[in-house]
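Residue numbers (my numbering), protein chains in the order written: chain X, 1 to 77; chain V, 101 to 177; chain D, 201 to 277; chain W, 301 to 377. Notes follow the structure.
There are 4 protein chains.
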Amino acid sequence: MTNWKEENNKLTKTFLFKTFGEAIAWMVKASFEIEKLNHHPEWSNVYNKVHVSLTTHDKGNTITEKDKQLAEILDLL
Amino acid sequence: MTNWKEENNKLTKTFLFKTFGEAIAWMVKASFEIEKLNHHPEWSNVYNKVHVSLTTHDKGNTITEKDKQLAEILDLL
Amino acid sequence: MTNWKEENNKLTKTFLFKTFGEAIAWMVKASFEIEKLNHHPEWSNVYNKVHVSLTTHDKGNTITEKDKQLAEILDLL
Amino acid sequence: MTNWKEENNKLTKTFLFKTFGEAIAWMVKASFEIEKLNHHPEWSNVYNKVHVSLTTHDKGNTITEKDKQLAEILDLL
């Protein structure tokens with residue numbers, strides 16, 4: 001995992017793109033992987049930035065292997 | 101505008117969908133309108149929810165006509 | 201299934217939208233269902249139109265239950 | 301322009317991706333550029349392939365500068 005921060009039991013990272021369109025297209029690409037894992041992030045977009053926050057709700061909002069797995073997948077997209 | 105709240109100089113609304121996929125597809129549809137207006141929201145997604153927050157940064161973070169215009173467009177999508 | 205044609209062992213239908221953006225967003229929404237079924241169409245887009253063509257390659261390019269299932273899902277999106 | 305073919309007054313190219321999801325996400329990314337140019341391709345998808353065909357309808361279906369411009373943009377995405 002590259003450049004993820006751990007804060008308040010969440011793994012967070014901000015991804016930066018050239019344009020708004022590229023940010024949205026990246027979210028689409030990520031969504032297919034997210035669906036496959038069935039592990040949904042809390043993520044937000046403003047213009048060319050996507051901020052991702054990962055935690056596992058059904059494990060009492062702790063960081064689990066599934067969060068780390070999704071973090072690694074998002075890094076590789 | 102339907103069901104938008106005004107708080108801290110922002111217009112906010114949460115849109116609810118049946119599935120994660122429908123939420124993401126709605127964001128794509130909205131993105132084309134957002135690009136045309138060239139007025140980008142702060143918006144976030146968790147599973148089947150999309151929370152939208154509108155303000156105009158270059159007017160000192162106040163709610164302007166452009167925010168209301170985008171709010172109405174998003175309501176109609 | 202509504203308005204699907206059967207020709208050359210394919211189920212085909214053209215979906216019409218108001219804008220190019222809505223056509224593309226519909227393709228995204230459909231893609232999540234397509235991935236779940238793991239049954240991929242041949243489909244094409246020009247401006248506000250999406251033409252879908254369904255057949256089952258590994259059954260010798262015949263129309264199978266899986267094609268009808270996807271056709272019904274696409275009708276309901 | 302890299303690897304585009306000219307046939308029947310159309311510029312054509314097939315883009316290949318690792319997955320269906322990446323193909324669709326690329327179409328989304330391309331769509332924002334297409335909207336900006338207001339020059340819409342005929343393009344089709346099967347699984348991890350996107351076939352693009354460019355021509356200018358209002359110039360009697362000939363290849364124009366606009367087709368070449370879009371071809372170059374798609375190469376760079």
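Ideal placement from N, C-alpha and C gives every residue a C-beta, glycine not left out.
Does the distance from the CB of residue i to the CB of residue j come in under 8 angstroms?
{"i": "D:G260", "j": "V:K129", "result": "no"}
{"i": "W:V352", "j": "W:F315", "result": "yes"}
{"i": "W:A325", "j": "X:A25", "result": "yes"}
{"i": "D:H239", "j": "D:K266", "result": "yes"}
Label residue i either buried or exposed according to how many other C-beta atoms from any shown protein chain fall within 10 Å of its C-beta, with 16 as the threshold for buried.
{"i": "V:N108", "result": "exposed"}
{"i": "W:T355", "result": "buried"}
{"i": "X:E35", "result": "buried"}
{"i": "X:K10", "result": "buried"}
{"i": "D:L270", "result": "buried"}
{"i": "V:D158", "result": "exposed"}
Excluding the five sequence neighbours on either side, which residues of its own chain have a C-beta within less than 8 angstroms of the C-beta of residue i, listed in chain order?
{"i": "W:E372", "result": "M301"}
{"i": "V:I163", "result": "E106, N109, K110, L111, L154, T155 and T156"}
{"i": "D:N203", "result": "K213"}
{"i": "D:V249", "result": "In the sequence as displayed, the identity of residue 249 of chain D is Lys instead of Val. Closer than 8 angstroms at Cβ, skipping near neighbours: T214, F215, L216, F217 and A223."}
{"i": "X:L37", "result": "K66, Q69, L70 and I73"}
{"i": "W:M327", "result": "W343, N345 and V350"}
{"i": "X:N77", "result": "It is Leu, not Asn, that sits at residue 77 of chain X in the sequence shown. Here the set comprises W26, K29, A30 and E33."}
Here's a check: name, in chain order, each residue in its chain whose Cβ is nearer than 7 angstroms to the Cβ of residue i, leaving out the five neighbours to either side.
{"i": "X:L74", "result": "A30 and V52"}
{"i": "D:E242", "result": "S253"}
Round the Cβ separation of residue i and residue j to the nearest angstrom and send it over; I've been treating them as touching at under 8 angstroms.
{"i": "D:T212", "j": "D:K218", "result": "Not really, about 22 angstroms apart at Cβ, beyond 8 angstroms."}
Excluding the 5 residues preceding and the 5 following residue i in the sequence, name in chain order all residues of the same chain whose CB lies nearer than 6 angstroms to its CB.
{"i": "X:E33", "result": "I73"}
{"i": "V:S144", "result": "H151"}
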